[in-house]
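Numbering that gives the first Met the number 0 puts the first residue of the sequence shown at 0, with every later residue one more than the last.
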Amino acid sequence: MSARLTGRCDCGAVSISLPALPDRMNACPCDYCRRVGARWGYFSHDAVGIDGRTDVHVRATRSVEFHRCAACGVATHWQFPGRPAGTRMGVNMTNFDTALTAAVPVVVDP
């Protein structure tokens, strides 16, 4: 089994593991993502490991749950409510070492 990549929030209370880097990172221009400065990598929900306690903010549209570390408040990931099997989720790639993500292109998709 190949090694997984691990990222952490600012305080280290939440860790995120991934099977590989994404092909690109999305600098989503919506109000929430712009405010938190996230760079989202997209993965199948079952490919991502999240360990640690998060708080959840559900957008007014009730379509996406944004998670942040319960201790330091750093955005960690988003997912759809109920997490249907095989669905896509977003991981905030700013929680990973910049030397690791530097070569991943950043796009702006709404």
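Glycine is no exception: its CB is placed at the ideal position from the N, C-alpha and C atoms. Here the structure is a predicted model, which means the values were calculated and not measured.
Under 9 Å between C-beta atoms of residue i and residue j
i, j, result
"Val13", "Asp45", "no"
"Arg52", "Tyr31", "no"
"Met92", "Gly6", "yes"
"Ile15", "Val55", "no"
"Thr100", "Ser43", "no"
"Tyr41", "Gly81", "no"
"Cys8", "Asp108", "no"
Alpha-carbon to alpha-carbon, residue j and residue i
i, j, result
"Cys29", "Ala102", "24 Å"
"Met0", "Pro18", "Low confidence applies to Met0: its pLDDT is 46, below 50, so where it sits in the model is not reliable, and the reading given next is rough at best. Distance between the alpha carbons of Met0 and Pro18: 10 Å."
"Arg38", "Val105", "8 Å"
"Arg3", "Thr75", "17 Å"
"Val63", "Arg34", "16 Å"
"Trp77", "Asp96", "20 Å"
"Asn94", "Phe65", "15 Å"
Among the options, nearest to residue i - alpha-carbon criterion
i, options, result
"Gly36", "Pro83, Arg67 and Phe79", "Arg67"
Discussion item. With a threshold of 8 Å, are at least 3 pairs of Cβ atoms found where one atom belongs to the stretch 17-25 and the other to the stretch 60-79?
Written reply: Output reads no: the stretch 60-79 does not touch the stretch 17-25.
Worksheet item: Enumerated in chain order, which unbroken segments of the alpha helix (DSSP H) with a length of 4 residues or greater are wholly contained in the stretch 8-43?
Response: Entirely contained in the stretch 8-43, the alpha helix (DSSP H) runs reaching 4 residues are, in chain order, 30-35.
Worksheet entry | Uninterrupted beta strand (DSSP E) stretches inside the stretch 42-75 (no shorter than 3 residues) | Contiguous beta strand (DSSP E) elements confined to the stretch 42-75 occur at 48-50, 53-57 and 64-68, taking only those with 3 or more residues.
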